[in-house]
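Beneath this line is the structure, given in structure tokens, with notes to follow.
There are 2 protein chains.
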Amino acid sequence: MQDHTPEQIDTAVSTAAAAADNWARSGAETRAALLRGLADGLQAERETLVPLADAETALGTARLNGELDRTTFQLRGFADQVLAGAPFTMTDDAAVAGPPPAGRPRLTRVRVAVGPVAMFAASNFPFAFSVLGGDTASALAAGCPVVVKAHPGHPELSRAVAALAQRVVAAQGLPAGLFGMVEGASVAVGVQLVRHPLVAAVAFTGSYRGGAALQREANERPRPIPFYGELGSINPVVALPAALAANGAALAATLAGSITLGCGQFCTSPGVLIVHDDDASKAFVQQLAEALGAATPHAMLHAGIRAGFDAGVARLQQHAGVQALAAPEHGPTAPRARLFATDAATFVESEALHEEVFGPSCLVVTVRSLDDTLDVLRAVQGSLTVTLWGADADTADNRRLVRAAEGIAGRVLFAGVPTGVAVTAAQQHGGPWPASTQPFTTSVGYAAMDRFLRPVALQDAPDWLVAARGQA
Amino acid sequence: MQDHTPEQIDTAVSTAAAAADNWARSGAETRAALLRGLADGLQAERETLVPLADAETALGTARLNGELDRTTFQLRGFADQVLAGAPFTMTDDAAVAGPPPAGRPRLTRVRVAVGPVAMFAASNFPFAFSVLGGDTASALAAGCPVVVKAHPGHPELSRAVAALAQRVVAAQGLPAGLFGMVEGASVAVGVQLVRHPLVAAVAFTGSYRGGAALQREANERPRPIPFYGELGSINPVVALPAALAANGAALAATLAGSITLGCGQFCTSPGVLIVHDDDASKAFVQQLAEALGAATPHAMLHAGIRAGFDAGVARLQQHAGVQALAAPEHGPTAPRARLFATDAATFVESEALHEEVFGPSCLVVTVRSLDDTLDVLRAVQGSLTVTLWGADADTADNRRLVRAAEGIAGRVLFAGVPTGVAVTAAQQHGGPWPASTQPFTTSVGYAAMDRFLRPVALQDAPDWLVAARGQA
Numbered sequence: 003m004q005d006h007t008p009e010q011i012d013t014a015v016s017t018a019a020a021a022a023d024n025w026a027r028s029g030a031e032t033r034a035a036l037l038r039g040l041a042d043g044l045q046a047e048r049e050t051l052v053p054l055a056d057a058e059t060a061l062g063t064a065r066l067n068g069e070l071d072r073t074t075f076q077l078r079g080f081a082d083q084v085l086a087g088a089p090f091t092m093t094d095d096a097a098v099a100g101p102p103p104a105g106r107p108r109l110t111r112v113r114v115a116v117g118p119v120a121m122f123a124a125s126n127f128p129f130a131f132s133v134l135g136g137d138t139a140s141a142l143a144a145g146c147p148v149v150v151k152a153h154p155g156h157p158e159l160s161r162a163v164a165a166l167a168q169r170v171v172a173a174q175g176l177p178a179g180l181f182g183m184v185e186g187a188s189v190a191v192g193v194q195l196v197r198h199p200l201v202a203a204v205a206f207t208g209s210y211r212g213g214a215a216l217q218r219e220a221n222e223r224p225r226p227i228p229f230y231g232e233l234g235s236i237n238p239v240v241a242l243p244a245a246l247a248a249n250g251a252a253l254a255a256t257l258a259g260s261i262t263l264g265c266g267q268f269c270t271s272p273g274v275l276i277v278h279d280d281d282a283s284k285a286f287v288q289q290l291a292e293a294l295g296a297a298t299p300h301a302m303l304h305a306g307i308r309a310g311f312d313a314g315v316a317r318l319q320q321h322a323g324v325q326a327l328a329a330p331e332h333g334p335t336a337p338r339a340r341l342f343a344t345d346a347a348t349f350v351e352s353e354a355l356h357e358e359v360f361g362p363s364c365l366v367v368t369v370r371s372l373d374d375t376l377d378v379l380r381a382v383q384g385s386l387t388v389t390l391w392g393a394d395a396d397t398a399d400n401r402r403l404v405r406a407a408e409g410i411a412g413r414v415l416f417a418g419v420p421t422g423v424a425v426t427a428a429q430q431h432g433g434p435w436p437a438s439t440q441p442f443t444t445s446v447g448y449a450a451m452d453r454f455l456r457p458v459a460l461q462d463a464p465d466w467l468v469a470a471r472g473q474a
Numbered sequence: 003m004q005d006h007t008p009e010q011i012d013t014a015v016s017t018a019a020a021a022a023d024n025w026a027r028s029g030a031e032t033r034a035a036l037l038r039g040l041a042d043g044l045q046a047e048r049e050t051l052v053p054l055a056d057a058e059t060a061l062g063t064a065r066l067n068g069e070l071d072r073t074t075f076q077l078r079g080f081a082d083q084v085l086a087g088a089p090f091t092m093t094d095d096a097a098v099a100g101p102p103p104a105g106r107p108r109l110t111r112v113r114v115a116v117g118p119v120a121m122f123a124a125s126n127f128p129f130a131f132s133v134l135g136g137d138t139a140s141a142l143a144a145g146c147p148v149v150v151k152a153h154p155g156h157p158e159l160s161r162a163v164a165a166l167a168q169r170v171v172a173a174q175g176l177p178a179g180l181f182g183m184v185e186g187a188s189v190a191v192g193v194q195l196v197r198h199p200l201v202a203a204v205a206f207t208g209s210y211r212g213g214a215a216l217q218r219e220a221n222e223r224p225r226p227i228p229f230y231g232e233l234g235s236i237n238p239v240v241a242l243p244a245a246l247a248a249n250g251a252a253l254a255a256t257l258a259g260s261i262t263l264g265c266g267q268f269c270t271s272p273g274v275l276i277v278h279d280d281d282a283s284k285a286f287v288q289q290l291a292e293a294l295g296a297a298t299p300h301a302m303l304h305a306g307i308r309a310g311f312d313a314g315v316a317r318l319q320q321h322a323g324v325q326a327l328a329a330p331e332h333g334p335t336a337p338r339a340r341l342f343a344t345d346a347a348t349f350v351e352s353e354a355l356h357e358e359v360f361g362p363s364c365l366v367v368t369v370r371s372l373d374d375t376l377d378v379l380r381a382v383q384g385s386l387t388v389t390l391w392g393a394d395a396d397t398a399d400n401r402r403l404v405r406a407a408e409g410i411a412g413r414v415l416f417a418g419v420p421t422g423v424a425v426t427a428a429q430q431h432g433g434p435w436p437a438s439t440q441p442f443t444t445s446v447g448y449a450a451m452d453r454f455l456r457p458v459a460l461q462d463a464p465d466w467l468v469a470a471r472g473q474a
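The listed protein sequences derive, respectively, from chains P and R. Just so we're aligned: 377 in our numbering is position 375 of the first sequence, and the numbers increase by one with no gaps anywhere. Just so we're aligned: 360 in our numbering is position 358 of the second sequence, and the numbers increase by one with no gaps anywhere.
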């Protein structure tokens with residue numbers, strides 16, 4: 003993937019900016035038609051897009067077809083939200099006669115689209131977190147043009163989807179600036195995009211290192227802008243003895259499937275398993291090790307991710323307080339899943355163990371008490387998810403556990419595994435640092451639109467204006 | 003004001019952190035009782051607090067009594083919001099059977115209090131933006147303990163209000179950690195507070211320089227935290243000819259009152275007036291100059307603010323493209339109000355003219371067209387407010403003007419003056435940089451609570467937990 007030139011990048015942003023004002027004022031029907039048109043386009047080109055994606059990512063056609071379904075579902079879901087009026091909600095407080103503080107003018111709180119959004123596509127979801135993924139869908143729904151920074155891991159797919167998007171935009175008679183894409187594998191392309199004075203917000207899904215660097219760029223602009231970054235997450239699973247005693251074998255198979263899903267290349271992949279020091283837990287860990295040993299992950303997305311995985315595994319292997327539970331040989335192209343073990347005290351004191359190992363690897367942390375568990379969760383600091391198995395009863399211990407989980411995560415699960423993120427209004431995909439840079443926002447689900455709608459209070463606004471903002 | 007020691011600051015934060023978990027789970031009645039108790043306490047001690055405030059700030063007893071009223075109104079308003087359930091709202095999406103993407107688990111989006119909030123009091127509102135001001139009220143309402151950094155401009159008042167707060171907390175049988183205060187005039191105190199690992203969020207009202215420096219500290223922590231800073235704002239007023247022709251004399255008196263209110267020491271003080279090059283506008287500017295010349299502002303809050311004002315005035319006086327419309331002698335202790343004039347092109351190209359002059363000063367910018375006006379607004383970049391006089395009719399020009407105003411401001415007024423910020427649900431006090439560091443949030447009005455409530459999605463949560471979160 004050749005870097006786009008500074009001139010090409012400037013043109014993409016300027017074209018988006020020229021389209022921003024009209025799109026911010028576009029009506030619900032217009033926006034919904036675009037989002038549905040994009041979904042229809044993806045659906046119509048499935049037979050060419052999925053093989054293209056598979057050739058570039060090795061994720062497999064079953065998974066990629068499912069991901070395309072999720073992407074079209076998401077585009078249509080945002081269309082429904084727009085038609086239901088979500089971007090146009092307002093709070094209208096009537097004037098109150100008399101002196102302040104009780105007396106007041108009429109105030110109408112509306113939300114305005116911020117302007118062009120720079121969207122950094124991820125490598126690991128070539129449809130759902132890439133060119134027409136959730137960031138693009140939510141920005142367009144909010145009334146913002148998008149300039150995508152294509153991920154160099156799937157350049158041909160990115161070009162095909164971008165061309166599709168541009169055809170849909172043109173066919174609907176909309177300005178080309180609503181959707182643009184720039185390419186580049188070097189840091190300079192992303193930096194130029196984030197620094198561009200006409201970019202109003204950034205949405206990023208990717209590595210901790212890249213995200214933190216781009217966030218600094220956003221903060222150090224003459225006029226800083228919001229940087230919505232989803233970085234790394236280790237997604238602890240707390241498996242309480244009762245849950246394992248009741249259902250250990252099935253849970254081991256489920257967890258092994260989650261750890262190896264997509265070769266572990268999920269931001270919600272469970273990287274830490276917290277178990278107690280008892281027989282049920284030991285049996286469960288043994289079952290998990292066997293299931294992981296039998297799993298045959300596919301090749302990773304690209305050489306850089308593979309190198310990062312191997313380095314992360316080496317870090318665990320070389321740690322004096324960590325034991326390798328299974329150290330299978332890697333396959334010819336694909337890595338094998340890894341399982342490591344340590345104790346609570348070692349985990350808490352070793353910052354190196356809190357770093358995400360992106361790939362099919364899990365660290366078992368054995369605890370002896372609830373306090374140990376809480377210490378381990380606190381050491382994690384921030385995660386997209388925490389999963390609690392066996393915390394369903396209303397007990398004081400479970401309440402403490404839930405509060406600790408809520409304190410560090412954006413999503414707390416009481417069943418199932420953290421991979422798989424439903425697209426719905428209640429979803430929250432984002433957690434305290436380092437999981438995301440803006441943990442009050444979500445990058446999945448319909449609240450993702452809120453990232454691009456800034457509140458404005460209109461004071462003593464004329465009725466036509468209030469009507470226009472509400473019915474846009 | 004002597005700096006608190008590092009040990010004192012650590013104790014204040016640690017005590018707050020120890021109280022955080024229980025307060026986050028406190029019920030609406032408990033929180034509302036505290037907020038109302040604080041309001042009652044301020045009201046009961048009015049006769050001692052207002053003279054104390056006046057002695058330290060020179061703001062006058064009429065203004066300070068009004069500000070105390072606003073502060074108690076605000077505390078009671080947050081109590082009402084809590085009783086109405088605002089911090090406990092949730093989105094509950096039922097499970098849908100079947101495979102994804104349509105099939106999904108039950109997801110319940112709740113909000114959790116973030117933990118201890120470090121609150122930096124402002125000098126210019128010794129009640130409403132200080133110890134028991136809006137930041138403290140909204141944080142307590144959200145379920146977060148508060149550690150106030152007292153402003154050295156009114157140390158005795160701060161101590162008296164803090165003592166009052168501590169008495170109310172104790173009388174209600176609540177832990178002392180819910181409210182703490184640290185003192186210090188040096189940068190080190192604030193930096194230690196922002197860096198403290200147990201501080202979960204920062205609320206700041208103050209100068210651009212101080213706010214930007216503390217924001218960097220928040221961003222550079224090992225675990226960054228939200229920094230809600232309200233910095234500087236120049237609050238343009240666009241006075242269209244028709245409005246001035248109809249009502250110029252009254253508007254000139256109103257605007258002069260707004261510019262000189264509190265000796266111009268308001269974040270919403272109108273610092274830029276945009277007029278057209280016609281007779282009605284010229285007459286208006288003349289009337290404004292006369293009204294400002296007749297005004298007798300009181301002394302400024304402290305020597306540092308006065309030095310800053312004098313430096314800002316000197317910057318305007320020395321600017322080759324700026325003309326002084328009135329250059330009265332300063333009074334013995336108080337400055338006189340200043341009025342300067344320039345043209346649109348000079349304003350747009352001179353970044354020095356976009357900086358806030360904190361005090362009673364206004365720069366008249368004469369424009370020749372709507373495009374000129376839009377250029378001037380764009381050059382401002384970010385402001386708490388923009389005021390539009392005479393833009394009430396539904397015309398294409400007015401729509402462009404409104405969009406430009408919405409693009410740079412958190413509040414857009416169609417009548418009146420920007421000073422005076424109503425406390426209500428629809429209020430938005432915050433705008434794009436440099437007006438605030440998090441322009442999607444507000445520091446005044448009931449949405450201020452949202453700054454301290456982080457969304458969490460509970461997946462397949464047991465019913466008791468959903469019930470507990472909803473009824474807290």
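All C-beta atoms, glycine included, are put in the ideal place defined by N, C-alpha and C.
Between the C-alpha atoms of P:A381 and P:R402 there is a straight-line separation of about 16 Å.
Assignment of beta-bridge partners to P:V204 by DSSP yields P:A120, P:F229. DSSP links P:W466 through a beta bridge to no other residue. Taken through DSSP and simplified to helix, strand or coil, P:R308 comes out as helix. Per DSSP, R:Q267 lies in no beta strand (DSSP E) and is assigned neither H nor E. Here R:W25 carries a helix assignment [DSSP, helix/strand/coil].
A residue is called buried once 16 or more other Cβ atoms fall within 10 Å of its Cβ, and R:E222, having fewer, is exposed. Residue environment: P:S363 is assigned as buried (16 or more neighbouring CB atoms within 10 Å of its CB, all protein chains considered). Each residue's CA atom was taken as its position, placing R:D95 and R:P464 some 14 Å apart. Against chain P, the CB of R:D396 has a partner CB under 9 Å away; the residue lies at that interface. Put simply, the CB of P:R211 is far from chain R, with every gap to its CB atoms at 9 Å or more. Inclusion of P:G259 and P:V419 in the CB contact set at 9 Å is warranted, their separation being smaller than that value. Burial state of P:G213 is buried, judged by a 10 Å Cβ sphere holding 16 or more other Cβ atoms. For the C-beta of P:Q430, the chain R residues within less than 7 Å are, from N- to C-terminus, R111, P457, V458, A459.
The beta carbon of P:L246 sits closer than 7 Å to those of L253, A282, S283, F286, all from its chain and outside the five residues before and after it, given in chain order.
P:D95 reaches chain R at T426, A427, A428, counting residues in chain order whose Cβ is nearer than 7 Å.
Listed along chain R, the residues sitting closer than 8 Å to P:R72 by beta-carbon distance are P102, P103. Taking a contact to require three or more Cβ pairs closer than 8 Å, the segment 88-106 of chain R and the segment 122-132 of chain R do not qualify as touching. Listed along chain R are Q217, R218, N221, each with a C-beta nearer than 9 Å to that of P:N221. Any Cβ of chain R closer than 9 Å to the Cβ of P:T444 would place that residue at the interface, and such an atom is present.
As computed with DSSP, P:S438 is found in a beta bridge with P:E232. Spanning the alpha carbons of R:F442 and P:P243 requires a straight line of approximately 44 Å.
Pairing P:V149 with P:M183, the inter-Cα distance amounts to about 5 Å. With fewer than 16 other beta carbons inside 10 angstroms of its own, R:D396 counts as exposed. When the five nearest sequence neighbours on each side are left out, the beta carbons in the same chain lying within less than 7 Å of the beta carbon of R:H6 are those of V184, E185, G186, V191, in order along the chain.
At least 9 Å separates the beta-carbon of P:A449 from that of R:L109. Between P:A205 and P:S445, the CB-CB gap stays under 9 Å. When DSSP states are grouped into helix, strand and coil, P:M92 belongs to the coil group.
Per DSSP, R:R169 is not a residue of any beta strand (DSSP E); the alpha helix (DSSP H) it occupies stretches across 157-173. By the Cβ rule, the segment 128-145 of chain R counts as touching the segment 78-90 of chain R, because three or more pairs are nearer than 8 Å. Taken in chain order, the whole beta strand (DSSP E) runs of length 3 or more contained in the segment 312-394 of chain P are 325-328, 340-345, 363-369, 385-391. Between R:F75 and chain P, the shortest Cβ-Cβ separation is below 9 Å. The alpha-carbon separation between R:S140 and R:G472 amounts to approximately 19 Å.
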